[in-house]
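**Student:** Those letters in the sequence shown? Residues 1 to 663, by this note's numbering.
By construction, the Cβ of each residue, glycine as well, lies at the ideal position given by its N, Cα and C atoms.
Since we're looking at a predicted model, the values are computed, not measured.
Pasting a structure here, questions to come.
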Amino acid sequence: MTLVDPVEAGREFDRYDSDLALGVPGLLQEFNRAGLLSTSDVHVALRLGRLADVADDRIRLAVAFAARAPRLGHVCVDLSTIRSTASTDNDTAVDLDGLSWPDPLDWISQLTESALVGDDRPLHLAGNTLYLDRLWTDERQVAADLLERAATPAPGVDRGALALGLDELFGRGERGIDIDTDDDGDGPDLQRLAAATAVLRSISVVAGGPGTGKTTTVARVLALLDAQAVASGRRPPLVALAAPTGKAAARLEESVRTGAAAMPVDDVVKERLRGLSGVTLHRLLGFNPGNRTRFRHNRLNRLPHDVVVVDETSMVPLSLMARLVEAVRPDARLILVGDPEQLASVEAGAVLGDIVGPAARRLCMSDAARAELTEVTGRAVPGGAGERGDTVAAIGDGIVVLQTVHRFGGAIAELADAIRRGEADAVMEVLARQGTNVEWIDVDAAQASSLAALGTVRRLAVEGGAEVLDAARSGDARRAIAALSDFRLLCAHRRGPDGVAAWMQHVENWLRSEVDGFAASSASGSGWYVGRPLIVTENDYGLQLFNGDTGVVVAAGENRLVAAFERGGAIAQVSPTRLAAVDTVYAMTVHKSQGSQFKTVAFLVPIADSRLLTRELLYTAVTRAQEHLILVGTEGSIRTAVGRPITRASGLRGLLWGVKGGE
């Protein structure tokens, strides 16, 4: 049988997508009419059915759901539960029980005997879960590569030099005390533990929420690895700093450089760290424009680096993680950095969350790993995993989740913690308080009648826009960019009454009516005008501007405009005519805001029926605010978000932790 990649087959038919797969008989048409299957899903099922001479309606329905899974972020589809968990793409209600679902046991039995399922076939069946071949292969490869690394300590560690370096970078303190691993534990001690772990292990994870010191810890890890090389007479390690987006890579580079300047290390080490540059994962691996899934560096052509640091790992999809782990040399260190509580990649998988697993709540290290860390840190790592009944797995030896938040405090920190724990009553208790740095406006933001209640949001949007415009008119690009970070309006959706497009119009109307000169400068609605806030929507390596970067159009002399962006602490000015992919950014999606921080954030919580409304969405939005948070939404929507963690079908956590779900 000639094989076809179902993912590519789906892409091929996307251009023919419509609301209804006309002329398709049986179950495929029924489920397409109900909104559970797109036309591309149906076409994949039909095409593979024809190639394998499979006409059974139940088999083709299963294939369509397998093709649908990665489109919604899942790695696979659980056929035993899909009947109760499926949702439509457009958030419309559907009577799932009214559809002609096959009996799960019979369905799975039929698939077991199908010519489409098995080795060297387009689909794989593991128990009740059905995978497309590519995702099946990627998942098992990632698990195997990570477990092999987890079982192999990093080579050539000088423990005496490591202990000395830890004391120099984190302070000597009182050796022999316990490292506090509770949620309100000692931040510096957990950072010390994370740094030691990253030096000792071939694979390590430095996780934690915004402002917990992840990149500060990474900078110190790199200094410790430099000291290891000096102690053993080796050359300094070759280090790669990478992230899934150019914006995140630039932030990682800047954080490492800033951290190096503040560390008590030799000037030569500081210069080496300041000389590191961040790149996207695609650039690191050697992106091939002619092939979406293959890179120059792979298992047969490994990366030359001794240390690979990946920031914002929560945004890395399964397929890209597979390409990364196979390309890192077996004797090199892989350090993953990120927040497993944030939104996952828009593509298939929740890789960081699966890797961290139960270690998100407490250390899940073996007794041997704890003893080793106690030796080099001088602090006892308490509570053997077996004593507490926690899961013990090799991957857990390399995972430390930082807890203490240094970036924001007060009610914002309490709210974020309550959301992370999934405690809706605690969330509402924080929101009900008066006089804190969290303000709750209990209205449905999607309703036009609610606009009158948004006086604070309107005032801040107008004040922020006026400040940006004033600075831009005077040609003060730095002040204009700083003002742009004072306030940001966040939405879950791009379209719809509570989406970015609608609220961009609301803000522009407010500015037009209240800010002198704004109407004249922005009458076109989309032209280049002084004070226009910009967001880059595609990477431009020639200009060194990356998807998600923000800037402002400023005056640069008589009848001349430039687009100003901050880059590495400096201001880069670009002619607007050179910008091929930018949008106006009076509002942005929560996904686009990942990795950014703003003094004040107003988040418009979508309705409870929204498919995008999850615990991770709410947590990510809340943790973008540094000083002041405004939450606009009903209690029902907020409680729904807290009680709805993202559940992406995946087998990676079970493969890594040895139990289903990793718990």
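Which parts of the segment 46 to 129 are runs of the alpha helix (DSSP H), unbroken and 4 residues or longer, counting only runs that do not cross its ends?
**Tutor:** Those alpha helix (DSSP H) runs which fall completely within the segment 46 to 129 and span 4+ residues are 57 to 71, 82 to 85 and 104 to 112.
**Student:** Look at Ala564 and Leu579 and say whether their C-beta atoms are less than 8 Å apart.
**Tutor:** No, they are not a contact pair.
**Student:** For the alpha helix (DSSP H) containing Phe665, name the first residue and the last one.
**Tutor:** With the chain running from 1 to 663 in the structure shown, residue 665 is simply not present.
**Student:** Rounded to a whole number of angstroms, what is the C-alpha to C-alpha distance between Asp226 and Arg333?
**Tutor:** Roughly 13 Å between the two C-alpha positions.
**Student:** Taking the C-alpha atoms as reference points, what is the distance between Asp486 and Ala480?
**Tutor:** Near 10 Å, if we compare the C-alpha coordinates of Ala480 and Asp486.
**Student:** Could you tell me which of Ala649, Leu27 and Ala242 sits nearest to Glu347, measuring between CA atoms?
**Tutor:** Among Ala649, Leu27 and Ala242, the Cα nearest to that of Glu347 belongs to Ala649.
**Student:** Measure from the alpha carbon of Ala369 to the alpha carbon of each residue in Arg235, Ala198 and Arg68, then state which is nearest.
**Tutor:** Closest by alpha carbon: Ala198.
**Student:** Report the rounded CA-to-CA distance for Gly595 versus Glu341, giving the unit in angstroms.
**Tutor:** In a straight line, the C-alpha of Gly595 is about 13 Å away from that of Glu341.
**Student:** Nearest-angstrom Cα distance between Thr112 and Asn128?
**Tutor:** Approximately 10 Å, taken between the alpha carbons.
**Student:** What residues match up with Ala587 in a beta bridge as DSSP calls it?
**Tutor:** Note: Ala587 sits in a beta bridge opposite Leu489.
**Student:** Expressed to the nearest angstrom, what Euclidean distance is found between the alpha-carbon atoms of Phe287 and Thr212?
**Tutor:** Going by the C-alpha atoms only, they are around 32 Å apart.
**Student:** By DSSP, does Leu604 sit in helix, in strand, or in coil?
**Tutor:** Looking at Leu604 - three-state DSSP - the assignment turns out to be strand.
**Student:** Just the C-alpha distance for Arg58 and Phe295, rounded to the nearest angstrom, thanks.
**Tutor:** Roughly 37 Å separates the two Cα atoms.
**Student:** What beta strand (DSSP E) runs, 3 residues minimum, are completely inside the segment 226 to 303?
**Tutor:** If we require 3 residues or more, the beta strand (DSSP E) runs fully inside the segment 226 to 303 come out as 239 to 243 and 278 to 280.
**Student:** Between which two residues does the beta strand (DSSP E) holding Trp440 run?
**Tutor:** Taken as a continuous stretch (DSSP letters only), the beta strand (DSSP E) holding Trp440 covers Val438 to Ile441.
**Student:** Over what stretch of residues does the alpha helix (DSSP H) that includes Val552 continue unbroken?
**Tutor:** Unbroken run through Val552 is the beta strand (DSSP E), Thr550 to Ala555; no alpha helix (DSSP H).
**Student:** Between Glu253 and the rest of its own chain, which residues show a CB-CB distance below 8 Å, the 5 nearest in sequence each way excluded?
**Tutor:** Correct list, in chain order: Leu241, Leu276, Ser277, Gly278 and Gly568.
**Student:** Measure the C-alpha to C-alpha separation of Ala641 and His506 and round it to an integer number of angstroms.
**Tutor:** Rounded to the nearest angstrom, the two C-alpha atoms are 25 Å apart.
**Student:** Can you give me the start and stop residues for the beta strand (DSSP E) that Arg333 sits inside?
**Tutor:** Run containing Arg333: Arg333 to Gly338, per the beta strand (DSSP E) assignment.
**Student:** Excluding the five sequence neighbours on either side, which residues of its own chain have a C-beta within less than 8 Å of the C-beta of Val328, listed in chain order?
**Tutor:** So the list reads Arg302, Leu303, His305, Val308 and Leu334, once near-sequence residues are dropped.
**Student:** Can you check which of these residues, Trp101, Leu125 and Ala556, is closest to Ser109 by C-alpha distance?
**Tutor:** The option with the nearest alpha carbon to Ser109 is Leu125.
**Student:** Which stretch, first to last residue, makes up the alpha helix (DSSP H) that contains Ile395?
**Tutor:** Neither: Ile395 is in no alpha helix (DSSP H) and is coded neither H nor E.
**Student:** Determine, using beta-carbon pairs with one atom in the segment 114 to 125 and one in the segment 51 to 66, whether at least three such pairs fall under 8 Å.
**Tutor:** Segments in contact, yes.
**Student:** Taking the straight line between their C-alpha atoms, what separation do you get for Val431 and Ala359?
**Tutor:** Val is not the amino acid found at residue 431; the sequence shown has Leu there. For Leu431 and Ala359, the distance between alpha carbons rounds to 29 Å.
**Student:** Would you kindly report the start and end of the unbroken alpha helix (DSSP H) that includes Glu508?
**Tutor:** From DSSP, the alpha helix (DSSP H) with Glu508 extends over Val500 to Glu514.
**Student:** Identify every residue that forms a DSSP beta bridge with Ala563.
**Tutor:** Val553 and Val574.
**Student:** Can you tell me which of Val205, Val582, Gln573 and Asn298 puts its alpha carbon nearest to the alpha carbon of Val310?
**Tutor:** Residue Val205 is the option with its Cα nearest to Val310.
**Student:** When the Cα atoms are used, what is the spatial distance from Tyr529 to Ala472?
**Tutor:** Approximately 10 Å, taken between the alpha carbons.
**Student:** Rounded to the nearest angstrom, how far is the Cβ of Leu318 from that of Val351, given a contact under 8 Å?
**Tutor:** Rounded, the Cβ-Cβ distance is 6 Å, consistent with contact.
**Student:** From Gly499 to Ala492, what distance separates their C-alpha atoms?
**Tutor:** Their backbone Cα atoms lie some 7 Å apart in a straight line.
**Student:** On the DSSP letters alone, give me the boundaries of the alpha helix (DSSP H) that Leu431 sits inside.
**Tutor:** Residues Ala424 to Ala432.
**Student:** Does Asp354 come out as helix, strand or coil in the three-state DSSP assignment?
**Tutor:** Asp354 falls in the helix class under three-state DSSP.
**Student:** Under the rule that 16 or more other beta-carbon atoms within 10 Å means buried, what is Ala523, buried or exposed?
**Tutor:** Any reading at Ala523 is ruled out, since the residue's pLDDT is 37, under 50, leaving its predicted position unreliable.
**Student:** Could you check the C-alpha separation between Asp186 and Thr404 for me, to the nearest Å?
**Tutor:** Because the pLDDT of Asp186 is 43, which lies under 50, any placement of that residue in the model is unreliable, and the number read from its coordinates should be weighed accordingly. Cα-Cα distance, rounded: 7 Å.
**Student:** Do you know offhand how far Val436's Cα is from Val632's?
**Tutor:** It should be pointed out that residue 436 corresponds to Thr in this sequence rather than to Val. When rounded, the distance between both Cα atoms is 16 Å.
**Student:** Within a Cβ cutoff of 6 Å, which residues of the same chain sit near Glu414, ignoring the five residues on either side of it in sequence?
**Tutor:** Once the five neighbours on either side are set aside, the close Cβ partners of Glu414 are Val430.
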